[in-house]
Ligand SMILES: CC(C)(COP(=O)(O)OP(=O)(O)OC[C@H]1O[C@@H](n2cnc3c(N)ncnc32)[C@H](O)[C@@H]1OP(=O)(O)O)[C@@H](O)C(=O)NCCC(=O)NCCS
């Protein structure tokens, strides 16, 4: 047996040149789900619009410099909304999705948000099971879409004073 090799797993901020890779990961994961749930074809442009929205905050998950996943969130008053969370197929079921959810929850806690929410297609049973496992619950339904929510623990005073910027360095009100 050769020497044990440790993978370098890291997060970094999204950059526009990441778009083609993120589109491929998302398309491979989501095209069939979108087609079944909404009866429409996947469009990269809709993802680009979301990721390039000036209020979107996206982090890239890399292993040894290779993009294997990402999440995109919007920070609102009391809510952190997950617009997209994707792990490349070959890397699913290895704990990376959980790592991203925990990172999002840490952001929510530091921002004094009360909850994390997302919409998921009702036919995306794998993702629904994952979210439920992570502590989310279904709170509403609109056609073939489910709103899922998880309340985050209340902020302690120290954390509130420490966190004045988001992870892109933007100052928060
Ligand atoms: C959904 C997704 C983000 C989950 O990420 P992942 O890396 O595959 O999941 P993880 O390996 O981190 O799973 C974390 C835990 O959830 C559990 N879990 C995952 N899927 C589950 C399911 N369907 N039912 C029950 N538990 C599940 C795992 O067993 C694991 O438990 P453990 O921590 O006790 O071992 C990923 O599979 C994905 O990108 N799917 C396609 C895109 C998608 O549907 N995104 C969501 C759009 S709304």
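Numbering (our numbering), first residue to last: 1081 to 1253. By construction, the Cβ of each residue, glycine as well, lies at the ideal position given by its N, Cα and C atoms.
- Setting aside the 5 residues that flank it on each side, residue 1232 is surrounded in the same chain by 1185, 1188, 1189, 1193, 1194, 1195 and 1196, each with a C-beta closer than 7 Å to its C-beta; the list follows chain order.
- Residue 1127: member of the alpha helix (DSSP H) spanning 1124 to 1132, first to last residue.
- Close CB contacts of residue 1135 within its chain, under the 8 Å cut and outside five residues either way in sequence, are with 1154 and 1155 (chain order).
- Of 1139, 1143 and 1191, the smallest CA-CA separation from residue 1096 is found for 1139.
- Counted as a single uninterrupted DSSP element, the stretch harbouring residue 1202 is not any alpha helix (DSSP H), since DSSP gives it neither H nor E.
- About 18 Å separates the beta carbons of residue 1145 and residue 1166, which is beyond the 8 Å limit, so they are not a contact pair.
- With a threshold of 7 Å, the Cβ atom of residue 1203 does not count as near ligand 1, since no heavy atom of the ligand is closer than that.
- Close CB contacts of residue 1224 within its chain, under the 8 Å cut and outside five residues either way in sequence, are with 1117, 1118, 1201, 1202 and 1203 (chain order).
- Residue 1131 places its beta carbon 8 Å or farther from that of residue 1161.
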